[in-house]
Amino acid sequence: MRNYLVTCALLWCGLAAAAERPNIIFIFADDWGYGDMGKHGSSFCETPNLDRMAEEGIDFANFTVNSPVCSPSRVAVMTGQFPARQSIHQHFQGIKAHIKRGMPDWLDPQAPMLPRMLKEAGYTTGHFGKWHLGSAGDSPAEDAYGYDRFATFNGSGQHEIPKGGSVGVDHAEAFIREFRDQPFLVNLWLHEAHTPHLPQERFMKKFGHLGEAEQVYASIIAEGDEAVGRILSLLKELGLDEHTLVVFSTDNGPEHSTDEKDHKGEGLGKFYSVGETGGLKGEKRSLFSGGIRVPFVVRWPGVVPQGKTDTTSVLTAVDLLPTFLDAAGVALPAGYAPDGESVLAAFKGAPFTRTRPIFWEWRGGDNQAYTWPALGVRDGKWKLLVNRETRQAELYDLEADWAEQKDVSAEYPEIVQQLSDKLDAWKAGLPQEAPAHCFSKGRKKKK
-6 MRNYLVTCAL
4 LWCGLAAAAE
14 RPNIIFIFAD
24 DWGYGDMGKH
34 GSSFCETPNL
44 DRMAEEGIDF
54 ANFTVNSPVC
64 SPSRVAVMTG
74 QFPARQSIHQ
84 HFQGIKAHIK
94 RGMPDWLDPQ
104 APMLPRMLKE
114 AGYTTGHFGK
124 WHLGSAGDSP
134 AEDAYGYDRF
144 ATFNGSGQHE
154 IPKGGSVGVD
164 HAEAFIREFR
174 DQPFLVNLWL
184 HEAHTPHLPQ
194 ERFMKKFGHL
204 GEAEQVYASI
214 IAEGDEAVGR
224 ILSLLKELGL
234 DEHTLVVFST
244 DNGPEHSTDE
254 KDHKGEGLGK
264 FYSVGETGGL
274 KGEKRSLFSG
284 GIRVPFVVRW
294 PGVVPQGKTD
304 TTSVLTAVDL
314 LPTFLDAAGV
324 ALPAGYAPDG
334 ESVLAAFKGA
344 PFTRTRPIFW
354 EWRGGDNQAY
364 TWPALGVRDG
374 KWKLLVNRET
384 RQAELYDLEA
394 DWAEQKDVSA
404 EYPEIVQQLS
414 DKLDAWKAGL
424 PQEAPAHCFS
434 KGRKKKK
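Numbering-wise (this note's numbering), the sequence shown opens with residue -6 and increments by one.
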């Protein structure tokens, strides 16, 4: 009888713990600038739903992604490790480009993976919208990474959906309705505001008073903002509001082009990419702040304080995996070493001091004004950007110079040396080549 009671008690505790686990929804937009939010001072975009989400949660001003382009930025979220650890240095494109860049043809499904970790802990997992974690025809399907359900574009081609029309949001809503009675993870990765721009007529009419490029871009941002509103409204409808952690961010800073030829192509091209960085230097493809500091809003009623703007906590994308597991009460797997750290305390509004440096590697620069930095490190208030080949280095005090306007490397050579040494040590620990089991069948290993 005693053993029976003990078994029942353990079972009840396990069910209670499962019931207390929050749902987790991560909404990842594409190519938004820090200044594209209305709350951040956009000069022409309107984001009422995202602004409301910030009023009901915390708006973090010092969040960075771990790459200034799509694929490696997403790798950091999925693995909790800097993308260079997976030999992913640029976006997935084609075999020739991957060989040149020293990349695999897809993200290794054997790597540490957020959805798999949560799935093994009892979560139902879904991924809807953009994928772009591989490009070769024989790349693994999304369920190889730990997803129970998926519907994607730029993915494996299985359960493929169109980029435009917010189809990914439709699938996410259906998933939430189906699994409302159990803990779930939803990755909703939006197409907006990446090219091709596919604006809806109703938004184009709303912003008809703007110039041509601004009208299109504002329409695209409005569609992404509507997706946020749809998810928040559904959670309230289903009574899941206080039981769901929702995080919004974007994979890198905005794209810019004013070239008339960029009108052409599928949909509308880069001519309409007129996102704003909020005064930050650089843009997409740059390790300067405009390329990697992006909107980051967290909402969890009853847990995350309302209406707070956090300007001091230093957060980054590799923190999401350990933070989500911490929120779910799930331990990190044995032997797994994340590059990030749990920032759940910051989510709850408590003071947070980062204990680990942040590293960046970028192999796409062409040495123009903002794309030359190939490596970067932030430790405490200091951020160092370097290019070994061109012998360039710039140092910024981010507490005094949030927008990175003043290079102080000449004033603090000792800090430059200390951070350079940390970069060298980090680089020395990275893999020398991509894993061969992540090569497509027709690829020949680079000699």
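The C-beta atom is built at its ideal place from N, Cα and C for all residues, glycine as well.
Residue i in three-state terms, based on DSSP
| i | result |
| --- | --- |
| residue 214 | helix |
| residue 77 | helix |
| residue 432 | coil |
| residue 297 | coil |
| residue 242 | strand |
| residue 270 | coil |
| residue 261 | strand |
| residue 302 | strand |
| residue 37 | coil |
| residue 145 | strand |
| residue 249 | strand |
| residue 164 | helix |
| residue 220 | helix |
| residue 121 | strand |
| residue 28 | helix |
| residue 310 | helix |
| residue 57 | strand |
| residue 281 | coil |
| residue 19 | strand |
| residue 109 | helix |
| residue 286 | strand |
Residue i, buried or exposed, once every other Cβ within 10 Å from all chains shown has been counted against 16
| i | result |
| --- | --- |
| residue 226 | exposed |
| residue 302 | exposed |
| residue 258 | In this predicted model, residue 258 has a pLDDT of only 49, less than 50, meaning its place in the structure is not dependable; the value taken from the coordinates is given anyway. Exposed. |
| residue 147 | buried |
| residue 269 | buried |
| residue 360 | exposed |
| residue 399 | exposed |
| residue 108 | buried |
| residue 135 | buried |
| residue 420 | exposed |
| residue 322 | exposed |
| residue 247 | buried |
| residue 36 | exposed |
| residue 1 | Residue placement at residue 1 cannot be trusted, given a pLDDT of 43 that sits under 50; the coordinates are not used to answer. |
| residue 190 | buried |
| residue 435 | exposed |
| residue 170 | exposed |
Straight-line Cα distance separating residue j from residue i
| i | j | result |
| --- | --- | --- |
| residue 250 | residue 263 | 6 Å |
| residue 307 | residue 388 | 17 Å |
| residue 58 | residue 333 | 12 Å |
| residue 318 | residue 180 | 15 Å |
| residue 309 | residue 67 | 12 Å |
| residue 244 | residue 296 | 25 Å |
| residue 173 | residue 231 | 8 Å |
| residue 112 | residue 138 | 10 Å |
| residue 412 | residue 159 | 43 Å |
| residue 215 | residue 42 | 9 Å |
| residue 85 | residue 237 | 32 Å |
| residue 425 | residue 38 | 43 Å |
| residue 48 | residue 165 | 24 Å |
| residue 385 | residue 88 | 31 Å |
| residue 29 | residue 70 | 22 Å |
| residue 223 | residue 382 | 48 Å |
| residue 110 | residue 405 | 43 Å |
| residue 123 | residue 407 | 43 Å |
| residue 357 | residue 432 | 21 Å |
| residue 44 | residue 429 | 45 Å |
| residue 371 | residue 410 | 13 Å |
| residue 56 | residue 312 | 10 Å |
DSSP beta-bridge partners of residue i
| i | result |
| --- | --- |
| residue 359 | DSSP, once it has assigned bridges, lists no residue as partnering residue 359. |
| residue 291 | 51 and 240 |
| residue 89 | Partner(s): none; residue 89 has no beta bridge. |
| residue 187 | None; residue 187 has no bridge partner. |
| residue 395 | Residue 395 is not bridged to any residue. |
Enclosing beta strand (DSSP E) for residue i [first to last residue]
| i | result |
| --- | --- |
| residue 388 | 385 to 390 |
| residue 371 | 368 to 372 |
| residue 352 | 351 to 354 |
| residue 179 | 177 to 182 |
| residue 376 | 375 to 380 |
| residue 72 | Element bounds for residue 72: not the beta strand (DSSP E) but the alpha helix (DSSP H), 63 to 72. |
beta-carbon residue i near the ligand ATP non-hydrogen atom, thresh 7 Å
| i | result |
| --- | --- |
| residue 429 | Absence of the ligand ATP from the depicted structure is noted, as is the absence of any ligand whatsoever, leaving it without description. |
Host alpha helix (DSSP H) of residue i (start-end)
| i | result |
| --- | --- |
| residue 154 | Neither: residue 154 is in no alpha helix (DSSP H) and is coded neither H nor E. |
| residue 407 | 406 to 421 |
| residue 345 | It is not in any alpha helix (DSSP H) - residue 345 carries neither H nor E in the DSSP assignment. |
| residue 196 | 194 to 199 |
| residue 340 | 337 to 340 |
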